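Have a look at the structure below, then the notes.
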Amino acid sequence: MHIPDGFFDAPTSLVAGGVAVAGVAYCLRRAEGELDDRLAPMAGLTAAFVFAAQMLNFPVAAGTSGHVLGGALAATLVGPAAAVVCLAVVLLVQALFADGGLTALGLNVVVLGLVPAGVGYATVRSALFVLPRTPASVPLAAGVGGFVSVPAAALVFVGAYAIGGAGDVPLSTVLAAMVGVHLLIGIGEGLITAATVGAVVASRPDLVFAARGLARPAAHSPTEAVSR
Amino acid sequence: MSRPRLPLFLAAGLAVTLLLAGIVSGYASSRPDGLEAVAEEQGFTDTARDSPLAGSPFADYEFTPAQDERVSTGVAGVAGVLLTLGLGAAVFVPLRRRARRAAGPEPTGTPSKR
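Chains as they are written, first to last, in this note's numbering: chain A, 21 to 248; chain B, 2 to 115.
Here it is as C-alpha cells:
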C-alpha cells in the first residue's frame, strides 16, 4: 500500500507535490546528460521491472508483508537521476491503478522515489568506496543500498507525518513501528536488489551505471566493441 | 564468455518482468504491508480516503472480468508493465533525442559525458 489520500493534510500534500515536481524536473535534466544509447532503454526496462517487482509482496513478520521499493536497484543500474524518473513513472502508473492516492502522489514520489533513490545511491557509492574496485563489488554495494533505503523512507514518512499527518497518534510509537517493520522489509529489499544487480553484472556489466570506471574483468575478444 | 547483445538482453529482461507481473504476482503475499499494518495498529488507518481513481479499469491490480483471482491480478500486472514501458518510452526517448541533438554528431555508442 502506498500513501493513500487523507493520511496527510492539504498543505503538506501540496508542499510535497512541489518538492516532487522540482525533484523530478531536476532529475530529468541530469538524466539527459547521463543516458547514452544503452542506458536509455535500460531505464525503460528498469521502470517496468520495478513496477512488476512491487507487485510481489513477501511475508516479513506476524501477519505483515513488504515489497521492494527499487530505488537503490534503479540507481545502481541507471544512475540516481534516471532512477528518480523511473520511480516517478512507476508511481504514476500505480496511482492510475489506485495504489497510492492522487493528492498523495507528491508524497509518494518523495518518500518512495526521491528518498530511496538518493539514499540508496549514496549508500551504494559509500560501499563501493571501501570495497575492492571491481564490478563484482557492485551487487553487494547495491544490496546494502537497498537495505538502508527502506527504513530511510520510513523515517521520512514519519517525519512528514509529524508535520502534516491527519491522524492523532503518538509519534514515538509510530516511529518505532514504522522503522521496525521497514528494517525487516529492508532485508528483503537488500537481497532482491543484490540478486538482480548480480544477474545484470554477470551478463552485461557495461550496462550498470554504478559499475562505470571499475576495473573490467580479464581479457575480452576484439569483437566485443561491435557486439552491442 | 561472450556477452549477450543488447536487444537480446533487453528482451530477456522484459520476458522476466512480464513473467513476474503476469504470473508470479498471483502468488504474492496478501497480508497487509508495513504501512498498512502500522496504520491499522496505531489507529490512523481511518483517515484514508479512496482515490478518485478507485473506479479505474485496473484499480487495486484487478481485472474484474476475469473469474480467477490470480488471472485477474496477472492481467492487471501485464497491463501495468506495458503502461509503464509506454510512459517510460514517452519520457526517455525524447530525452535521449534531445541529448543526441545537443551533443552533435558523434560516434555511436559513446556515452555522452557531462
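Just so you know, even glycine gets a beta-carbon here, dropped at the ideal spot from N, CA and C.
Predicted model only: the values in this text are computed from it and were never measured.
Next on the checklist: What does the alpha-carbon distance come out to for the pair L160(A) and S192(A)?
Outcome noted: If you number the first sequence from 1, residue 160(A) lands on position 140. If you number the first sequence from 1, residue 192(A) lands on position 172. Distance between the alpha carbons of L160(A) and S192(A) is about 33 Å.
Item to check | Range of the contiguous alpha helix (DSSP H) that encloses S223(A) | outcome: To locate residue 223(A), count along the first sequence from 1; it is residue 203. Segment L191 to S223, the alpha helix (DSSP H) holding S223(A).
Checklist entry - Measuring from the CB of P95(B), is there a heavy atom of the ligand PLP at a distance below 7 Å? => result As for the ligand PLP, it is missing from this structure, which has no ligand bound.
Item to check | Buried versus exposed, by CB contacts within 10 Å (16 or more), P24(A) | outcome: To locate residue 24(A), count along the first sequence from 1; it is residue 4. With 16 or more Cβ atoms within 10 Å of its Cβ, P24(A) is classed as buried.
Next on the checklist: Measuring only the C-alpha atoms, how far is G233(A) from G56(B)?
Outcome noted: On the first sequence, residue 233(A) is found 213 positions in, with the first residue counted as 1. On the second sequence, residue 56(B) is found 55 positions in, with the first residue counted as 1. The alpha-carbon of G233(A) is positioned some 48 Å away from that of G56(B).
Checklist entry - Can you name the residues of chain B whose CB is closer than 9 Å to the CB of G128(A)? => result Numbered from its first residue, the first sequence carries residue 128(A) at position 108. At residue 128(A) the sequence reads Asn, which differs from the Gly that was named. None at all; the shortest Cβ gap to chain B is about 11 Å.
Checklist entry - Anyone know if the C-beta pair for L89(A) and P136(A) falls short of 8 Å? => result Here residue 89(A) is taken as the residue at index 69 of the first sequence, counted from 1. Here residue 136(A) is taken as the residue at index 116 of the first sequence, counted from 1. Yes.
Checklist entry - Which one or two residues does DSSP pair with V84(A) in a beta bridge? => result Looking up residue 84(A) in the first sequence gives position 64. The amino acid at residue 84(A) is misidentified as Val; the sequence shows Thr. According to DSSP, which records beta bridges pairwise, T84(A) is partnered with A81(A).
Next on the checklist: Can you look up D57(A) in the DSSP assignment and give me helix, strand or coil?
Outcome noted: As a first step, residue 57(A) must be located in the first sequence, where it is residue number 37. D57(A) falls in the coil class under three-state DSSP.
Next on the checklist: I need the straight-line Cα distance from T213(A) to V110(A), nearest angstrom please.
Outcome noted: Position 193 of the first sequence, counted from the start, is the residue given in the question as residue 213(A). Position 90 of the first sequence, counted from the start, is the residue given in the question as residue 110(A). So the alpha carbons of these two residues sit roughly 17 Å apart.
Checklist entry - Cβ of V94(B) within 8 Å of Cβ of A22(B)? => result Position 93 of the second sequence holds residue 94(B). Position 21 of the second sequence holds residue 22(B). Against a cut-off of 8 Å, the Cβ pair of A22(B) and V94(B) comes out as no contact.
Next on the checklist: Measuring straight from C-alpha to C-alpha, what distance separates A94(A) and T32(A)?
Outcome noted: Translated into positions along the first sequence, residue 94(A) becomes position 74. Translated into positions along the first sequence, residue 32(A) becomes position 12. For A94(A) and T32(A), the distance between alpha carbons rounds to 27 Å.
Checklist entry - Pairing CB atoms from the region 203-218 of chain A with CB atoms from the region 162-170 of chain A, are three or more of them under 8 Å? => result yes
Item to check | Per-residue contacts from S57(B) into chain A (C-beta, under 9 Å) | outcome: The sequence position of residue 57(B) within the second sequence is 56, counting from 1. Going along chain A in sequence order, the residues near S57(B) (Cβ under 9 Å) are L116, F117 and A118.
Checklist entry - Buried or exposed: which applies to S241(A), given that a residue is buried once 16 or more other Cβ atoms fall within 10 Å of its Cβ? => result Here the question's residue 241(A) lines up with position 221 in the first sequence. Here the model assigns S241(A) a pLDDT of 48, short of 50, so the residue's position is not dependable, and the following value carries that caveat. By the 10 Å Cβ count, S241(A) comes out exposed.
Next on the checklist: For a minimum of 3 consecutive residues, which ranges assigned as the beta strand (DSSP E) are wholly contained in the region 65-99 of chain B?
Outcome noted: Here no run is fully enclosed.
Next on the checklist: For E41(B), report the span of its alpha helix (DSSP H) as first-last.
Outcome noted: Here residue 41(B) refers to the residue found at position 40 when the second sequence is read from its first residue. Element bounds for E41(B): G35 to Q43.
Next on the checklist: Using a Cβ-Cβ cutoff of 7 Å, what residues of the region 31-46 of chain B are near chain A? List them in chain order.
Outcome noted: R32, P33, D34, G35, L36, E37, A38, V39, E42, Q43, G44 and F45
Next on the checklist: Tell me the residue span of the alpha helix (DSSP H) that contains V158(A).
Outcome noted: Taking the first residue of the first sequence as 1, we reach residue 158(A) at position 138. Counted as a single uninterrupted DSSP element, the alpha helix (DSSP H) harbouring V158(A) occupies residues S157 to G184.
Checklist entry - For F10(B), is the classification buried or exposed, using 16 other Cβ atoms within 10 angstroms of its Cβ as the cut-off for buried? => result For the purposes of this step, residue 10(B) is identified with residue 9 of the second sequence, where counting begins at 1. The residue is buried, with at least 16 neighbouring Cβ atoms inside 10 Å.
Next on the checklist: Whole angstroms are fine: how far does the CA of A104(B) sit from the CA of S187(B)?
Outcome noted: Residue 187(B) is absent from the structure shown; chain B starts at 2 and stops at 115.
Item to check | Per-residue contacts from S223(A) into chain B (C-beta, under 7 Å) | outcome: Start at 1 with the first residue of the first sequence, and residue 223(A) comes out as number 203. Here the neighbours are R4, P5 and F10.
Item to check | Contact list for S26(B) against chain A, beta-carbon separation under 8 Å | outcome: In the second sequence, residue 26(B) corresponds to position 25, counting from 1. Simply A72, M75 and L76.
Checklist entry - Thinking just about the alpha-carbon of each residue, which of V70(A), A197(A), M21(A) and V35(A) is nearest to the one in T123(A)? => result Start at 1 with the first residue of the first sequence, and residue 123(A) comes out as number 103. Measuring C-alpha to C-alpha distances from T123(A) to each of V70(A), A197(A), M21(A) and V35(A) identifies V35(A) as the nearest.
Checklist entry - According to the neighbour-count rule (16 or more other Cβ atoms, all chains shown, within 10 Å of its Cβ), is Y181(A) buried or exposed? => result Counted from its first residue, the first sequence places residue 181(A) at position 161. Buried, by the Cβ-count rule.
Item to check | Beta-carbon proximity list for V228(A), same chain, < 8 Å, skipping 5 on both sides | outcome: Position 208 of the first sequence, counted from the first residue, corresponds to residue 228(A). Taken in chain order, the residues that qualify are T96, L97, P155, V158, V217, V220 and V221.
Next on the checklist: Is I296(A) close to chain B? Criterion is C-beta to C-beta, closer than 8 Å.
Outcome noted: The displayed coordinates of chain A run from 21 to 248. Any statement about residue 296(A) would go beyond what the structure contains.
Checklist entry - With 16 as the cutoff for other CB atoms within 10 Å, does G121(A) come out buried or exposed? => result Your numbering for residue 121(A) matches position 101 in the first sequence. Counting Cβ neighbours within 10 Å, G121(A) comes out buried, since at least 16 surround it.
Next on the checklist: Any contact between the region 36-45 of chain B and the region 185-201 of chain A? By contact I mean 3 or more CB pairs, one from each, below 8 Å.
Outcome noted: By the criterion of at least three beta-carbon pairs nearer than 8 Å, the region 36-45 of chain B is in contact with the region 185-201 of chain A.
Next on the checklist: I need the straight-line Cα distance from T243(A) to R6(B), nearest angstrom please.
Outcome noted: Here residue 243(A) corresponds to residue number 223 of the first sequence, with the count starting at 1. Here residue 6(B) corresponds to residue number 5 of the second sequence, with the count starting at 1. Residue placement at T243(A) is poorly supported in this model, since its pLDDT is 49, which falls under 50; the coordinates are not used for a value here.
Checklist entry - Buried or exposed: where does D69(B) fall if 16 or more other Cβ atoms within 10 Å of its Cβ makes it buried? => result Translated into the one-based positions of the second sequence, residue 69(B) becomes position 68. Exposed, since its Cβ has fewer than 16 Cβ neighbours within 10 Å.
Item to check | Collapsed DSSP secondary structure at F27(A) in the structure displayed | outcome: Mapped onto the first sequence, residue 27(A) falls at position 7. Coil.
Checklist entry - How big is the Cα-Cα spacing for L204(A) and L19(B)? => result Position 184 of the first sequence, counting from 1, holds the residue named residue 204(A). Position 18 of the second sequence, counting from 1, holds the residue named residue 19(B). Roughly 27 Å between the two C-alpha positions.
Item to check | DSSP bridge partner residues for R50(B) (one or two, in chain order) | outcome: As a working mapping, residue 50(B) is identified with position 49 in the second sequence. Answer is D25(A), bridged to R50(B).
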